[in-house]
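Please read the structure below before turning to the comments.
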Ligand SMILES: Nc1ncnc2c1ncn2[C@@H]1O[C@H](COP(=O)(O)OP(=O)(O)OP(=O)(O)O)[C@@H](O)[C@H]1O
Ligand SMILES: [Mg+2]
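Numbering (full-length UniProt numbering), first residue to last: 1 to 447.
As structure tokens, this is what we get:
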């Protein structure tokens, strides 16, 4: 303050003093003039310093991103500076808000990505893991994704090293063994320039387990289907050759061979029919069936049609049918479910055994199932070992391929049942005890 007073009032006061001491000015008026000059210098210095302090506070607030209130400084020239400070502060605040919004959008995009994603620093420390990554890798007690085992995998470590060294994205196919085997496509993508938090590499893990399984299944399906067709076809061709050649003049052998040809042709017809109905059901699977079906009367009709094979295997069929209507339903498809399950119980059950076919209405939820209709087929045959049960509904899966084939089975029966049940938004439940028998139950929505 003192300096401001001296700076503003020093020269006029010194002039007045000189005039007074030299006797060129009366002492009293000169003294009054000195006092007035000092007072004016003081007021000016106060206004000046006050304005500067206010501007300084505004600039500091602007730099900290705080709002700057409009100010009307005492010194008119300072008003423009104050206005610029306020505008600067508003611009900075807007940019800050925009940055925050961008950062939030980035985080939301990363979090919403369905594939696991990690962001890493150059020293391989993981800075961020999206929820998919946390779900996929599991988290430690601190809630942080468990990435150590993943990043130790030699192929992943090599892809990360190469991406950082070359600055180019790297990909690798990886099979992670534990806890459930997973087929992964990993992509290491360098970030240039690095993120503000030092993140300079993005690691994306795409789960290909299901896609690979589907590819394998499709390839297996074609192989299996051609194999199943090739065997009876080879047999038919072989016997036709024999009939044309060596057995041409042997009517007895000829009629035996014709029987074999007829059996093999019938096997091929069944296989083609099953394949066609499987693809028909699969195509319609996304559309729920429109009608409704009385499951008890369908079961009664199918049981009656089963008479010849029941007699052949000396099997007793016990019916426990109560009126129940499945809805939505396709009567033809549900009849096929009953037929396939009954055939299995008779063919894979016990010679001279008993098969129980039941239909009942579930009025209240039962065993985790909503109210609906329950169809049950139980046999007292050899049963199925536990390890086979999850695979029974795969196409061509047979516990004992030789026996099933000899019995005329194609291995497609339960695959068809599974698809029909899925088409009806129902559930297939398989229980079996080796040595005691098998129970196949189908739950369907209905009343
Ligand atoms: N009730 C059952 N008891 C024992 N094993 C069974 C029973 N039902 C099915 N299986 C086993 O499951 C396998 C698959 O059954 P699925 O009905 O799909 O084929 P399949 O009966 O062999 O041939 P098909 O296509 O003619 O039905 C059978 O080969 C058999 O090994
Ligand atoms: Mg079957």
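For glycine and all other residues, C-beta sits at the position ideal for the given N, C-alpha and C.
Determine the direct distance from the alpha carbon of residue 425 to that of residue 206, and round the result to whole angstroms.
-> By 1-based counting over the chain shown, the position of residue 206 is 206. By 1-based counting over the chain shown, the position of residue 425 is 425. Looking at the two C-alpha atoms, the distance is approximately 30 Å.
Problem set entry | Exposure label - residue 72; buried when at least 16 CB within 10 Å | Your numbering for residue 72 matches position 72 in the chain shown. Of the other Cβ atoms in all chains shown, fewer than 16 fall within 10 Å of the Cβ of residue 72; this residue is therefore exposed.
Quick one: measure Cβ to Cβ for residue 225 and residue 275, integer angstroms, because I've assumed they're closer than 8 Å. Counted from its first residue, the chain shown places residue 225 at position 225. Counted from its first residue, the chain shown places residue 275 at position 275. Sure, about 6 Å apart at Cβ, within 8 Å.
*Would you tell me roughly how many angstroms separate the C-alpha atoms of residue 295 and residue 345, rounded to the nearest one?*
Locating residue 295 in the chain shown gives position 295, counting from the first residue. Locating residue 345 in the chain shown gives position 345, counting from the first residue. The alpha-carbon atoms of residue 295 and residue 345 are separated by roughly 18 Å.
Check: What do you reckon, is the C-beta of residue 442 under 7 Å from a heavy atom of ligand 1?
Finding: Taking the chain shown and counting its residues from 1, one reaches residue 442 at position 442. Not so, every heavy atom of ligand 1 lies at least 7 Å from the Cβ.
Practice prompt. Please state if the CB of residue 51 and the CB of residue 85 are separated by a distance shorter than 8 Å.
Written response: Within the chain shown, residue 85 is the residue found at index 85, counting from 1. Within the chain shown, residue 51 is the residue found at index 51, counting from 1. No, these two residues do not count as a Cβ contact at 8 Å.
Exercise. Would you check whether ligand 1 has a heavy atom nearer than 7 Å to the C-beta of residue 313?
Key: Here residue 313 refers to the residue found at position 313 when the chain shown is read from its first residue. Not one heavy atom of ligand 1 lies closer than 7 Å to the C-beta of residue 313.
Distance, residue 277 Cα to residue 444 Cα = As a first step, residue 444 must be located in the chain shown, where it is residue number 444. As a first step, residue 277 must be located in the chain shown, where it is residue number 277. So the alpha carbons of these two residues sit roughly 20 Å apart.
For the structure I just gave you, are there three or more beta carbon pairs, one from the stretch 228-247 and one from the stretch 278-297, closer than 8 Å?
No: the two stretches stay apart, fewer than three of their Cβ pairs being nearer than 8 Å.
Does ligand 1 have a heavy atom nearer than 7 Å to the CB of residue 399? Within the chain shown, the letter at position 399 stands for residue 399. Checking every heavy atom of ligand 1 against the Cβ of residue 399, one is found closer than 7 Å.
- Query: Buried or exposed: which applies to residue 314, given that a residue is buried once 16 or more other Cβ atoms fall within 10 Å of its Cβ?
  - Reply: Here residue 314 refers to the residue found at position 314 of the chain shown. Exposed, by the Cβ-count rule.
List in chain order the residues whose CB is within less than 7 Å of at least one heavy atom of ligand 2. Result (chain order): 340, 343, 344, 347, 409, 413 and 414.
Have a look at 18, 43 and 103 and flag the residue whose alpha-carbon is nearest the alpha-carbon of residue 31. In the chain shown, counting from the first residue as 1, residue 31 sits at position 31. The shortest Cα separation from residue 31 among 18, 43 and 103 belongs to 18.
ask   = Along the chain, where does the beta strand (DSSP E) that runs through residue 128 open and close?
value = Indexing the chain shown from 1 puts residue 128 at position 128. From DSSP, the beta strand (DSSP E) with residue 128 extends over 126-129.
| message | Closest to residue 299 by C-alpha separation, out of 286, 285, 323 and 279, would be which residue? | response | As a first step, residue 299 is located in the chain shown; it is residue number 299 there, counting from the start. For the residues 286, 285, 323 and 279, the minimum Cα distance to residue 299 belongs to 323.
Limits of the unbroken beta strand (DSSP E) element including residue 440
The sequence position of residue 440 within the chain shown is 440, counting from 1. Membership of residue 440 in the beta strand (DSSP E) is indicated by the continuous run 437-444.
Subject >> Start and end residues, alpha helix (DSSP H) containing residue 116 >> reply: Counting from one through the chain shown, the residue named residue 116 turns up at place 116. First-last for residue 116: undefined, no H or E at that position.
- Beta-carbon separation of residue 150 and residue 124 under 8 Å? As a first step, residue 150 is located in the chain shown; it is residue number 150 there, counting from the start. As a first step, residue 124 is located in the chain shown; it is residue number 124 there, counting from the start. Their beta carbons are not under 8 Å apart, which means residue 150 does not touch residue 124 by this criterion.
For residue 381, which residues of its own chain have a beta-carbon under 8 Å away from its beta-carbon, when the five flanking residues on both sides are left out?
For this step, residue 381 is matched to residue 381 along the chain shown. These residues qualify, in order along the chain: 345, 348, 349, 350, 353, 437 and 438.
Legend entry - Continuous beta strand (DSSP E) stretch holding residue 34: start and end: Indexing the chain shown from 1 puts residue 34 at position 34. Under the DSSP assignment, residue 34 falls outside any beta strand (DSSP E), being part of the alpha helix (DSSP H) whose first and last residues are 27-63.
Do residue 392 and residue 416 have their CB atoms nearer than 8 Å? Position 392 of the chain shown, counted from the start, is the residue given in the question as residue 392. Position 416 of the chain shown, counted from the start, is the residue given in the question as residue 416. No, the Cβ-Cβ distance between residue 392 and residue 416 is not below 8 Å.
Margin query: Under 8 Å, with one C-beta from each stretch per pair, do the stretch 50-65 and the stretch 18-29 reach the 3-pair mark?
Written below: Proximity of the stretch 50-65 to the stretch 18-29 falls short of the contact definition, fewer than three beta-carbon pairs being nearer than 8 Å.
| query | residue 66: buried (16+ other C-beta within 10 angstroms of its C-beta) or exposed? | reply | Mapped onto the chain shown, residue 66 falls at position 66. So residue 66 counts as exposed.
### Message
Counting C-beta neighbours from all protein chains within 10 Å, is the total for residue 333 16 or more, i.e. buried, or is it exposed?
### Response
Along the chain shown, one-based indexing puts residue 333 at 333. Buried, by the Cβ-count rule.
- [ ] Alpha carbon to alpha carbon, how far is residue 279 from residue 309? Give it in angstroms, no decimals.
- [x] As a first step, residue 309 must be located in the chain shown, where it is residue number 309. As a first step, residue 279 must be located in the chain shown, where it is residue number 279. So the alpha carbons of these two residues sit roughly 27 Å apart.
Query raised in the report: Anyone know if the C-beta pair for residue 283 and residue 233 falls short of 8 Å?
Result: Within the chain shown, the letter at position 283 stands for residue 283. Within the chain shown, the letter at position 233 stands for residue 233. The answer is no: Cβ separation not under 8 Å.
**Asked** Which partner residues does residue 320 have in the DSSP bridge list?
**Response** The residue you call residue 320 lines up with position 320 of the chain shown. Bridge partners of residue 320: 358.
Practice item. With DSSP collapsed to three states, give me the class of residue 187. Key: Within the chain shown, the letter at position 187 stands for residue 187. DSSP places residue 187 in strand when its eight states are reduced to three.
What does DSSP give as the partner residue(s) for residue 175 in the beta ladder? To locate residue 175, count along the chain shown from 1; it is residue 175. Under DSSP, the beta-bridge partners assigned to residue 175 are 183.
Checklist line | Whole-angstrom distance between residue 46 and residue 69, CA atom to CA atom | finding: Taking the first residue of the chain shown as position 1, residue 69 is located at position 69. Taking the first residue of the chain shown as position 1, residue 46 is located at position 46. Straight-line spacing of the CA atoms in residue 69 and residue 46 works out to 22 Å.
Is the distance from the Cβ of residue 132 to the Cβ of residue 117 below 8 Å?
Counting from 1 along the chain shown, the entry for residue 132 is found at position 132. Counting from 1 along the chain shown, the entry for residue 117 is found at position 117. Against a cut-off of 8 Å, the Cβ pair of residue 117 and residue 132 comes out as a contact.
- Tell me, please, which residues DSSP counts as bridged to residue 139. Stepping through the chain shown from its first residue, residue 139 is reached at position 139. According to DSSP, residue pairing for residue 139 in a beta bridge involves 145.
Self-check item: Own chain, CB closer than 8 Å to residue 114, minus 5 neighbours either side, in chain order
Solution: If you number the chain shown from 1, residue 114 lands on position 114. Cβ within range, chain order: 132.
Exercise. Under the three-state reduction of DSSP, which class applies to residue 430: helix, strand or coil?
Worked result: Against the chain shown, residue 430 aligns to sequence position 430. It is a strand residue.
Quiz item: Quick one: any contact between the stretch 336-344 and the stretch 404-424, if contact means 3 or more CB pairs under 8 Å?
Solution: Cβ pair count under 8 Å is three or more, so yes.
Review point. Are the CB atoms of residue 377 and residue 319 nearer to each other than 8 Å?
Key: Here residue 377 is taken as the residue at index 377 of the chain shown, counted from 1. Here residue 319 is taken as the residue at index 319 of the chain shown, counted from 1. No.
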